[in-house]
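Numbering (UniProt numbering), first residue to last: 1 to 101.
Glycine is no exception: its CB is placed at the ideal position from the N, C-alpha and C atoms.
If you're wondering where the values come from, they're calculated on a predicted model, not measured in any experiment.
Working notes, beginning with the structure itself.
Have a look at this one:
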């Protein structure tokens, strides 16, 4: 019996296979280095995590949604008083979740 591992998957089927995953898995994880569409892992043991790291969720929100709090477009970091924030505003998370739904 031979297994075919390189066959392309139709986009319509791929959507349903990945539907149970958190939408933040669409971007690479800046914390553990997990590639897009792969689960986050613990750096020490390599164990896969059921949920993405908070840094990955923040990167996903930044990549996909405009921030209603500081009025920036996707791919632009949130800012406060002219200084870039290390995380995004809570309202940007809500906007990203609404966009993904």
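Problem set entry | Spatial distance of residue 32 from residue 42 (CA atoms) | Cα-Cα distance, rounded: 7 Å.
Exercise. Hey, residue 36 and residue 28 are a contact pair by Cβ (cut 8 Å); roughly how many whole angstroms apart?
Worked result: Right, the Cβ-Cβ distance comes to about 5 Å (below 8 Å), so this counts as a contact.
For this session: Just mark residue 8 as buried or exposed, buried being the case when its beta carbon has 16 or more other beta carbons within 10 Å.
Result: By the C-beta density criterion, residue 8 is exposed, having fewer than 16 other C-beta atoms within 10 angstroms.
For this session: Using three-state DSSP, classify residue 85 as helix, strand or coil.
Result: Of the three classes helix, strand and coil, the one that applies to residue 85 here is coil, per DSSP.
Problem set entry | Secondary structure of residue 108, DSSP reduced to three states | Since the first residue of the chain shown is 1 and the last is 101, residue 108 is not available in this structure.
Exercise. Roughly how many whole angstroms lie between the Cα atoms of residue 74 and residue 100?
Worked result: Roughly 14 Å separates the two Cα atoms.
Problem set entry | Cβ-Cβ separation, residue 53 to residue 67 (assumed contact under 8 Å), whole Å | That pair is no contact at about 20 Å.
Exercise. Among all the DSSP beta bridges, which residues are the ones paired with residue 41?
Worked result: Per DSSP, 48.
Problem set entry | Burial state of residue 104 (16 or more Cβ within 10 Å) | No information on residue 104 is available, as it lies outside the stretch 1 to 101 that the chain covers here.
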